[in-house]
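Counting from -17, one number per residue, gives the positions in the sequence shown under our numbering. Just so you know, even glycine gets a beta-carbon here, dropped at the ideal spot from N, CA and C.
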Amino acid sequence: GTKIGSNVLINSGSIVEHDCKISDHVQISPGACLGGAVSVGEGSIVGLGSRVIQGVSIGNYCMIGAGTVVTKDIPNNSLVYGIPAKRIKSWLSE
-17 GTKIGSNVLI
-7 NSGSIVEHDC
3 KISDHVQISP
13 GACLGGAVSV
23 GEGSIVGLGS
33 RVIQGVSIGN
43 YCMIGAGTVV
53 TKDIPNNSLV
63 YGIPAKRIKS
73 WLSE
């Protein structure tokens, strides 16, 4: 039930579970793990070894830092990192 858009890079060792929606131009970095029913918006990057808890939505053009654990929805254009993920700043202009 997972849907993967165009121009998506799912690197080696990463896991994309059931019912996920990966939009166009997304990168899932090595070792990243997306639980079931995760949504990743257009142009976003999920960093090396990150974990995204089931049912979470990541907005468009977001950067999820390496090793981050995402437990809540992330708004568009966000740079987040940490355990749990904290929004640091706007990553790209809106």
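Near residue i, which residues of its chain fall below 8 Å by C-beta distance, leaving aside the five closest residues on each side in sequence?
i, result
"His7", "Gly(-13), Ser(-12), Asn(-11), Val(-10), Glu24, Gly25"
"Trp73", "Tyr43, Cys44, Met45, Asn59, Ser60, Leu61"
Using a Cβ-Cβ cutoff of less than 6 Å, which residues in the same chain neighbour residue i once the five nearest sequence positions on both sides are dropped?
i, result
"Ile(-3)", "Cys15"
"Gly49", "Gly31"
"Ser88", "For the chain, the structure presents residues -17 to 76; residue 88 sits outside this window and is missing."
"Thr53", "Ile35, Pro66"
Indicate whether residue i and residue j have their beta-carbon atoms separated by less than 8 Å.
i, j, result
"Val22", "Ser11", "no"
"Gly47", "Gly29", "yes"
What do you get for residue i, buried or exposed, if any count of 16 or more other CB atoms within 10 angstroms of its CB means buried?
i, result
"Ile56", "buried"
"Gly(-17)", "exposed"
"Asn(-7)", "exposed"
"Gly(-5)", "exposed"
"Ser60", "buried"
Going by DSSP, which residues form a beta bridge with residue i?
i, result
"Glu15", "The sequence shown places Cys at residue 15, not Glu. Cys15 is bridged to Ile(-3), Arg33."
"Ser72", "Ser60"
"Ser26", "Looking at the DSSP assignment, Ser26 forms no beta bridge with any residue, so it has no partner."
"Ser21", "Lys3, Ser39"
Check: In chain order, which beta strand (DSSP E) runs of at least 3 residues are fully inside the segment 40 to 64?
Finding: 60 to 63
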